[in-house]
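Heads up, the thing below is written out as structure tokens.
2 protein chains.
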Amino acid sequence: MTMDARRERTGTRVTVKDLARDLGMSVSTVSRAFHADAVIARETRVRVLARAKEIGYTPNPFARSLITKRTRIVGLVVADITNPFYPEVMTRLTSDLRAIDMNVMLVAADQSGTVDDALRLLLNYQPDLVIILAATLSSAAAQECRKSETPVIFFNRLSGEAGSFGVTCDNEEGGRRAADFLIDRGHRRLAYVSALADASTNVERHRGFANRAAERGIEAPVVLEAGSFSYAAGHRAAEAMRTLKARPDGVFCANDIVAIGFLDAVRQDLGLSVPGDLSVIGFDDVEMAHWPSHALTTIRQPVDEMLAATVALAKTLGADAGAEPVIRRIAPGELIERQTTRDRRAD
Amino acid sequence: MTMDARRERTGTRVTVKDLARDLGMSVSTVSRAFHADAVIARETRVRVLARAKEIGYTPNPFARSLITKRTRIVGLVVADITNPFYPEVMTRLTSDLRAIDMNVMLVAADQSGTVDDALRLLLNYQPDLVIILAATLSSAAAQECRKSETPVIFFNRLSGEAGSFGVTCDNEEGGRRAADFLIDRGHRRLAYVSALADASTNVERHRGFANRAAERGIEAPVVLEAGSFSYAAGHRAAEAMRTLKARPDGVFCANDIVAIGFLDAVRQDLGLSVPGDLSVIGFDDVEMAHWPSHALTTIRQPVDEMLAATVALAKTLGADAGAEPVIRRIAPGELIERQTTRDRRAD
DNA sequence: CTGAAAGCGCTTACAG
DNA sequence: CTGAAAGCGCTTACAG
Chain S
1 MTMDARRERT GTRVTVKDLA RDLGMSVSTV SRAFHADAVI ARETRVRVLA RAKEIGYTPN
61 PFARSLITKR TRIVGLVVAD ITNPFYPEVM TRLTSDLRAI DMNVMLVAAD QSGTVDDALR
121 LLLNYQPDLV IILAATLSSA AAQECRKSET PVIFFNRLSG EAGSFGVTCD NEEGGRRAAD
181 FLIDRGHRRL AYVSALADAS TNVERHRGFA NRAAERGIEA PVVLEAGSFS YAAGHRAAEA
241 MRTLKARPDG VFCANDIVAI GFLDAVRQDL GLSVPGDLSV IGFDDVEMAH WPSHALTTIR
301 QPVDEMLAAT VALAKTLGAD AGAEPVIRRI APGELIERQT TRDRRAD
Chain F
1 MTMDARRERT GTRVTVKDLA RDLGMSVSTV SRAFHADAVI ARETRVRVLA RAKEIGYTPN
61 PFARSLITKR TRIVGLVVAD ITNPFYPEVM TRLTSDLRAI DMNVMLVAAD QSGTVDDALR
121 LLLNYQPDLV IILAATLSSA AAQECRKSET PVIFFNRLSG EAGSFGVTCD NEEGGRRAAD
181 FLIDRGHRRL AYVSALADAS TNVERHRGFA NRAAERGIEA PVVLEAGSFS YAAGHRAAEA
241 MRTLKARPDG VFCANDIVAI GFLDAVRQDL GLSVPGDLSV IGFDDVEMAH WPSHALTTIR
301 QPVDEMLAAT VALAKTLGAD AGAEPVIRRI APGELIERQT TRDRRAD
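Residue numbers (UniProt numbering), protein chains in the order written: chain S, 1 to 347; chain F, 1 to 347.
Below, the structure is given as structure tokens:
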């Protein structure tokens, strides 16, 4: 049977068998050529690899994982995609992971609640690793991961579940810096715009902000509830400011997108001036924060370092799925002063 | 051997064998219960499915695809992620595909050029279908898809390659509408801000705009080269306007993100007023277009319909991979008038 | 260092 | 309608 006839019969792919026959070697030998740590003559490996390239053979990953129990698939679970911080993280993570030969299977959760089903299907593909972006897991879902012995990395937002990995910014420190920045510049009536109430990022940023204010003898920051990490939520929080007896002069928002929604509403609907009447600080430094239309003062999220830490973790877990769970907390980047804050000491 | 001991030995998963033994049936029968079109007694199927649910059995998709040659994987290739139009498309596509039981394997191409390698790896996983978002394929890559008989759908941006599927907006019609809108309101010196020069979306929008202007006896629109679909590119195009002898009074931008970059630069760096000195129209109606900070007049991209068409196509191709290639062109949504355009007839 | 054989978890003709 | 057997494309002890 000619090679072409064979390929016709078995679908369109070249298999080990084809390659072995072509080279006059056994299937075992051919297979070994593709495993760096396999015992095989140097010269044999070279011949196999060369010929494989010529006829376009590449091992079928499904057949391989059936035996090795490793799939080189990482499941990426994404929810809150309206935050412009995530698209970049997603794509960069995907290409960085590809660089260490891991493939990303994407799971999108439009509404919270659907994550569970999606995750279950994902788990079917036996990912070597699951990375959760911008979401948390229900404890049922977390348990399924544990049961299938799939390590989970929470990126940015941490989870209460024990036994999982985490990579996050030191959000509390970020909150403290925001407080210092405002207080140093003469702000005295602080407010925090709170996003998703129990997201770790939200809680920690608030805590750092409030604690630092207390340490410096400033009245506790008022909390304006936005409710989620979105533009619309920031908008709503500004409306809520109407009901306050005393207007805050320094506002720290849970993140940039919330800050931008807040800004737009404060200026447009409340008719106030920023930074004239009040200063606003965000968190993340997403690209649009530097656009002149927003020019938002904000704290940079150390994305590069977070990404690097995540990939390093993925690599470790690739070698040893049973590694000890660890939370990596990375210092926030600098506070970037733009045009939504000003010095009030002369007021 | 107890079930638990067996699960210990074979990793952590329950297999057909386990379930068959548990039920006192053959492996074949159990397998048949999971295929709607298999010949099996109604009652048997019910029993199998019920017990499967109890002990958490679900067929291993890898083992299955080894035989069926269908993976239920769709490869999603994404490039230009800075356009906020895409994150939404990506996640919605992912969940819609999940609804028809297809899983998304993500490939990110940061730079053009890397798509080829990424695609090759993807093809290894034998996706039933590849969807290309915001990118084109090199002809080498396109040929690899053909060779492996993997259907390709181009979403939004079309490709010159024959034999592939396409879902796009009727961009030419969109361009015509932009021209009519501006001309009807007294604009006479038109300009087009061109993004990626040979992207089909860019070419078609420009063509429709220019053709309609010609039909209505208006001088051919000046072309301002932005060079890509990004904020920074729009910014550059505004700078390029400095060298023009006559300033345009009506500008149609290749898409919203380019328009926003253009707007910011026109106002900030050129010190011009929009819509006072000139009107600006975008294309897409991304979420931020309605933020008061931009309030961009734009043409809505019919995302819902495009998504629906893509999923329908995916379904068809799932049933019959050899379906006749087709390009679906969907009428653009309405032109939404906001605050970057005004009526100049009284000027 | 290489090859023959068993087996990963499934599906699907083929008998009965 | 059900079961035994072959086989999908690989990897990996086990001999030699």
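Just so you know, even glycine gets a beta-carbon here, dropped at the ideal spot from N, CA and C.
Annotation for S:R47: the continuous alpha helix (DSSP H) segment containing it runs 42-55. Residues of chain F with a Cβ closer than 9 Å to the Cβ of S:E88 are, in chain order, I81, T82. Nearest C-alpha to S:V286 among S:D184, S:V274, S:Q301: S:Q301. Sequence-distant partners of S:D170 (beyond 5 residues in either direction) whose C-beta falls short of 7 Å from its own C-beta, in its chain, are R329, I330, A331, P332. The Cβ atoms of S:D117 and F:S293 lie no closer than 8 Å to each other. For chain S, the residues of the region 54-70 of chain F that bring a beta carbon within less than 7 Å of one of its beta carbons are T58, P61, F62, A63, S65, L66, K69, in chain order.
For the pair S:P151 and S:A134, the Cα-to-Cα distance works out to about 17 Å.
Rounded to whole angstroms, S:A213 and S:V326 show a C-alpha spacing of 30 Å.
Per DSSP, the continuous alpha helix (DSSP H) segment holding F:V258 begins and ends at 256-268. When Cβ-Cβ separations below 8 Å define contact, F:T91 makes contact with chain S.
The continuous beta strand (DSSP E) containing S:S279 extends over residues 279-284. A Cβ-Cβ contact shorter than 8 Å links S:D249 with S:R188. For F:F252, the uninterrupted beta strand (DSSP E) segment begins and ends at 250-253. Each of S:E219, S:I40, S:Y86 was checked against the Cα of S:R157, and the nearest Cα belongs to S:Y86. Close partners of F:Q268 in chain S (Cβ separation under 9 Å): P292, S293. Listed in chain order, the positions of the region 210-238 of chain S with a beta carbon within less than 8 Å of a beta carbon of chain F are Y231.
Within the DSSP bridge table, the entry for F:L106 names S:V104, F:L76 as partners. Pairing F:R51 with F:L19 gives a Cβ-Cβ distance under 8 Å. Linking S:D256 to S:F165 through their CA atoms gives a straight-line distance of about 25 Å. The criterion of a C-beta distance shorter than 8 Å is not satisfied by S:G174 and S:L122.
Around S:L106, the beta-carbon contacts reaching into chain F at under 9 Å are L76, M90, T91, T94, N103, V104, M105, L106. Interface criterion met: the Cβ of F:R98 is under 8 Å from a Cβ in chain S. Beta-bridge pairing by DSSP links F:E225 to F:S194.
Taking 8 Å as the CB threshold, F:A319 stays off the interface with chain S. Taking a Cβ-Cβ cut-off of 9 Å, the neighbours of F:D264 in chain S comprise W291, P292, S293, given in sequence order.
Put simply, the region 188-199 of chain F touches the region 208-227 of chain F. At least three CB pairs are less than 8 Å apart.
Less than 8 Å divides the Cβ of F:L296 from the Cβ of F:R338. S:A233 has its alpha-carbon roughly 10 Å from the corresponding atom of S:E239.
Between F:A314 and F:L129, the C-beta spacing is below 8 Å. Within the region 116-197 of chain S, the runs of alpha helix (DSSP H) that reach at least 4 residues and sit entirely inside it are, in chain order, 139-147, 171-184. For S:T298, the three-state secondary structure derived from DSSP is strand. About 28 Å separates the beta carbon of S:N103 from that of S:F229, a gap too long to meet the 8 Å contact definition. Of S:K147, S:I132, S:P275, the smallest CA-CA separation from S:G186 is found for S:P275. Taking the Cα positions, S:K53 is about 14 Å away from F:N124. In this model, S:G208 and S:A254 are separated by some 12 Å (Cα to Cα). When Cβ-Cβ separations below 8 Å define contact, S:Y125 makes contact with chain F.
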